[in-house]
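Q:
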Amino acid sequence: MKKLVLGLLVVVLVVPAAGYLYLRRFLPDYGQTVEAPGLGAEVRVERNRYAVPTITARNDEDLFFAWGYVNAQDRLFQMEVTKRIGQGRLSEFAGPSTLSKDLFLRAMGFYDLARKEADRLPPDSRRLVQRYVDGVNHFQKTHPRPLYMVLLGLESEPWTPADPLTVGMMLNWSLAYNMHLELLYHRIRLRLGPEGLAGLMNLAPKDSPTIVDDRPPTLDEETRFLARPRELAPLTGCVSASNNWVLAPGRTAVSGPILASDPHVHGSRIPSDFYLVRVRSGEFEAAGGQVSGLPFIAFGYNRNLAWGLTNNGADIVDLFFEKVDWEKKTYTRNGVQRPLTARTVEIKVKGGPLVVKTLYRAGRRPLLNEVFPDYSEPLSIDWAGFDGLGAEGFFRMNRARDRAEFSAAADLVRMTPQNLVYAHRSGEIGYQVMGAIPDRRAGTGNLPSDGARTESNWDGLLLGEMNPALSNPERGFIITANNRTIRDFPYDMNPTYAPRYRYDRIAAMLEARRDIDAAYTREMQNDPTSVLAGRIIPLMKKLVRVENDKQAARALDLVLKWDGRNRPGDSAPSIYNTFLVRFMYQTLADELGPDLAEEYVSQRYVSLEPFLSMVDRGSPFFDDVGTAEKKETASDIAGRAFRESLALLGEYFKTDDPAAWAWGRVHLLRFEHILGRSKLLRPLVNRGPLEVGGDCETNLRGHFYEIKPPYTAELASGLRLIVAFDPDPKGWLVLITGQSEYFLSPHYTDLTDLWMKGEYFSMEDEPARYRAVFKPE
């Protein structure tokens with residue numbers, strides 16, 4: 118008996134302890150001395166209490182070596198997975214279910230594009246990228262594989278200069294969300310015809326605020342996966358959104374300008390897409406947020422300038438129906454047959470045989486038929502990213518000393534168009550569209566075109582000075598919130614604009630004061646007030662009838678007395694948000710069908726403004742085609758949607774009391790790791806759910822795609838940045854998760870608590886908690 122008890126104690130105490138000790142060996146040592154090859158001098162890495170590193174070197178080559186090493190310490194698995202996705206190697210560790218994704222990635226050729234990008238870099242920048250990957254490789258050489266790689270059976274691979282640029286290519290593609298919208302519009306046209314589609318397209322209203330002052334065949338079910346960003350965000354892009362603004366000195370409480378930027382990306386991912394860092398080398402110093410694996414600061418500041426980005430929304434992806442003779446392996450342009458370009462790819466599949474496929478291009482455009490073998494009609498794709506990333510521009514932006522240098526550097530960037538705002542310590546502020554926009558010969562790119570006609574092609578790309586820009590406006594500030602760029606422009610950007618409501622709220626808060634400081638800017642970034650609610654609530658009062666229904670009357674009264682602030686503890690936001698999506702869905706489900714209606718309504722950038730226009734002007738869509746005996750009005754559908762909303766919320770909350778339907782209990786932030794789909798690993802690597810405020814149209818972004826509860830805040834601020842010049846720059850930052858990808862690390866989600874409270878830390882004021890030294894071998 119004693120032996121049995123002793124054995125049980127060993128199992129209960131010793132085995133878990135041994136397992137814990139084994140897992141801890143994968144945690145990085147932030148206080149080590151690193152002997153490294155090729156260093157010219159000593160490098161110091163000091164981390165604050167959140168493990169945010171300040172890397173100080175005497176020369177750029179040493180700095181980038183340590184930068185690569187430090188990134189690998191905290192995010193090697195994330196970097197490695199992103200790289201392998203870009204290479205089209207998901208199936209190596211995910212199995213046969215991801216084969217179509219790999220075929221799409223290989224067809225697009227992201228890794229080949231990254232290699233070309235690396236070859237195009239000027240010698241100085243290429244040398245820095247090489248030193249960065251040298252640092253990544255030195256960490257791999259001197260440490261065990263990350264735990265997650267061990268679990269997936271992935272072997273370490275040396276990085277090359279193409280690998281961080283593959284991360285950049287994947288970022289570039291993920292921001293280009295026009296492809297799935299083009300397919301969505303096409304499917305709506307097939308169902309409703311051109312006139313029906315016209316009523317559902319997002320054409321910005323004439324009064325939309327601008328950033329710059331005035332100047333054929335049916336797609337089968339297999340292709341539908343391209344129209345759902347939630348399922349394939351890394352492949353088809355995802356509607357990402359952001360806020361940024363910049364204020365001239367006359368509107369700030371400090372001696373210089375203030376800049377704020379918070380990119381709204383996949384807030385539900387863990388670790389975050391972003392990594393915080395401060396780098397110093399001689400005269401060069403920069404700080405802020407990098408995309409993990411890319412050695413430049415995307416959102417940040419140096420000694421002279423600060424900058425931030427939001428997605429511009431310009432359409433840089435077009436689809437084409439091609440005329441292909443598969444026997445002759447030719448495609449047609451204006452009646453002339455031309456040979457297809459072919460290449461054979463081999464894809465390793467975990468648990469399956471090697472897959473060998475031949476992929477084709479019609480000119481520069483990849484054909485997607487091997488990706489979707491059940492779809493017979495030849496479909497091709499063009500993307501501005503095929504012409505490169507322009508990474509050199511980011512390296513120069515990080516080092517720019519004045520506005521002219523900075524703007525010229527940004528002109529080199531060819532990525533998915535971004536709204537770039539910037540501030541200089543002198544007090545100058547500015548904006549420009551940074552990136553490449555197709556110059557279309559004809560059409561808008563809203564729908565797949567006839568690829569056999571050369572009129573469908575592009576006449577190159579709009580770059581640099583050809584794109585809209587603004588500097589030092591009289592009103593003293595510039596705002597971008599994915600809203601309309603410009604009213605009159607000689608080229609058709611065909612952008613997908615965000616609704617105006619975040620822009621309007623930011624503008625109202627900026628106009629309310631002329632002594633804005635960092636504290637007020639924090640309030641602005643975390644403000645949960647919905648301007649849209651101010652438009653919807655009067656509609657609810659006008660359209661929803663609640664006679665003889667006590668529950669409905671009480672629920673409506675809660676909304677009518679609500680101040681429009683989406684606080685987690687209030688119930689009115691639950692009723693308001695559910696009503697809005699159900700009203701939209703109930704209006705369109707009979708014409709579009711349930712699945713297509715859900716998909717359309719979930720894409721707020723596309724669906725919200727057309728729907729509100731229907732409500733304002735009247736629309737035949739409000740008549741339910743399934744009830745021939747009656748012609749419904751907007752009020753009929755609103756009443757139906759309101760009653761349905763109450764039933765859905767009552768079922769979710771398990772109570773019929775509307776006052777108990779707290780928004781935070783239904784609007785949830787869930788951090789999901791790529792390995793969190795495993796039931797065994799889920800409790801270890803996932804975090805949440807957390808109750809959050811805000812909604813799809815608030816500064817405090819909590820964008821969800823669901824059209825019935827619960828709602829996942831899928832797009833949220835991955836990082837928040839505020840920079841004030843007084844006269845030197847000072848930065849306040851926070852990540853949505855933490856710096857480390859290791860679930861046992863104290864820095865896995867240690868910044869989440871700050872993020873939830875709307876708090877930040879100062880890059881300049883935080884003392885060092887960990888110190889490491891890199892010494893030449």
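Each residue of the sequence shown is one higher than the last, beginning at 118 in the numbering used here. Where is the CB? At the ideal position from N, CA and C, for every residue including glycine.
Take L765 and list the residues in its own chain whose beta-carbon comes closer than 8 Å to its own, dropping the five residues that flank it on each side.
A: T695, R699, K825 and P826
Q: Give me the DSSP bridge partner(s) of P555.
A: L578
Q: List the endpoints of the continuous alpha helix (DSSP H) containing N515.
A: A508 to R516
Q: How many angstroms separate the CA atom of V809 from the CA atom of A672?
A: Between V809 and A672, the C-alpha separation is close to 21 Å.
Q: Within a Cβ cutoff of 6 Å, which residues of the same chain sit near A153, ignoring the five residues on either side of it in sequence?
A: H255 and F891
Q: Is it buried or exposed, D280, if we count other Cβ atoms within 10 angstroms and call 16 or more buried?
A: buried
Q: Per DSSP, what kind of secondary structure is E572 in: helix, strand or coil?
A: The answer is helix: DSSP assigns E572 an H, G or I state.
Q: Can you check the region 763-805 for any alpha helix (DSSP H) of at least 4 residues that lies completely inside it and give the ranges in chain order?
A: Under the rule that a run must span 4 or more residues, the alpha helix (DSSP H) segments found entirely inside the region 763-805 read 780-783 and 799-802.
Q: For T461, count the other beta carbons within 10 Å of its own beta carbon; 16 or more makes it buried, fewer makes it exposed. Which is it?
A: exposed
Q: Please report how far the alpha carbon of E749 lies from the alpha carbon of A714, in whole angstroms.
A: 18 Å
Q: I believe T561 touches N429 by the beta-carbon criterion, under 8 Å. Please report the beta-carbon distance rounded to the nearest angstrom.
A: In this structure T561 is not in contact with N429, their Cβ atoms being roughly 16 Å apart against a cut-off of 8 Å.
Q: Sort Y147, N165, F181 and L675 by Cα distance to A158 and report the nearest one.
A: F181
Q: If contacts are defined as beta-carbon pairs under 8 Å, then T449 and R478 qualify, I think. What distance do you get, rounded to the angstrom?
A: Wrong, their Cβ atoms sit about 14 Å apart, outside the cutoff.
Q: Assign A168 to one of three DSSP states: helix, strand, or coil.
A: coil
Q: Could you say if the region 525-534 and the region 260-267 meet the contact criterion of at least three C-beta pairs nearer than 8 Å?
A: no
Q: Using a Cβ-Cβ cut-off of 7 Å (strictly less than) and excluding sequence neighbours within five positions of Y620, which residues of its own chain qualify?
A: P326, I596, A598 and N600
Q: Using C-beta distances below 8 Å, list every residue in its chain close to M78, excluding the 5 sequence neighbours before and after it, in chain order.
A: Any question about residue 78 goes unanswered here, given that the chain covers just 118 to 894.
Q: On the CB-based measure, 16 or more other CB atoms within 10 Å of its CB, does L797 come out buried or exposed?
A: exposed
Q: For A231 versus L282, is the C-beta distance shorter than 7 Å?
A: Contact: yes.
Q: Report the CB separation of V394 from V169 in whole angstroms; it is logged as a contact under 8 Å.
A: 7 Å
Q: Could you tell me the alpha carbon to alpha carbon distance between I692 and S879, rounded to whole angstroms?
A: 38 Å
Q: Which residue from E640, A370 and K258 puts its Cα closest to that of Q190?
A: K258
Q: For the alpha helix (DSSP H) containing K445, name the first residue and the last one.
A: First-last for K445: undefined, no H or E at that position.
Q: Go ahead and pull the three-state DSSP assignment for D146.
A: Secondary structure of D146 (DSSP, three-state): coil.
Q: Among Y228, A508 and W443, whose alpha-carbon lies nearest the alpha-carbon of L484?
A: W443
Q: When DSSP labels each residue in this structure, what does R535 get in the three-state scheme?
A: The displayed chain sequence assigns Gln, not Arg, to residue 535. Three-state result, Q535: strand.
Q: Sort out for me which residues DSSP pairs E163 with in a bridge.
A: T171 and R888
Q: With distances taken Cα to Cα, identify the nearest neighbour of R916 among W500, T475 and P490.
A: Residue coverage of the chain in this structure runs from 118 to 894, which leaves residue 916 outside it and unanswerable.
Q: Less than 6 Å between C-beta atoms, sequence neighbours within five positions excluded: which residues of the same chain meet that for V371?
A: A841 and D843
Q: Three or more beta-carbon pairs under 8 Å between the region 802-818 and the region 674-686, yes or no?
A: yes
Q: Under DSSP, the beta strand (DSSP E) around Q407 begins and ends at which residues?
A: Going by DSSP, Q407 is part of the beta strand (DSSP E) stretching over F401 to V408.
Q: Tell me whether the region 873-889 and the region 845-862 touch, counting them as touching only if at least three CB pairs, one residue from each stretch, are closer than 8 Å.
A: Yes: at least three Cβ pairs fall under 8 Å.
Q: Considering only the alpha carbon of each residue, which of G367, W424, V434 and L476 lies closest to K446?
A: L476
Q: What's the C-alpha gap between L850 and Y167?
A: 11 Å
Q: By Cβ distance below 8 Å, which residues in the same chain neighbour I305 in space, the five residues on each side in sequence not counted?
A: G313, L314, L317, L709, L713 and Y717
Q: Residues in the same chain with beta-carbon distance under 6 Å from A670, minus the five sequence neighbours each way, listed in chain order, please.
A: V663
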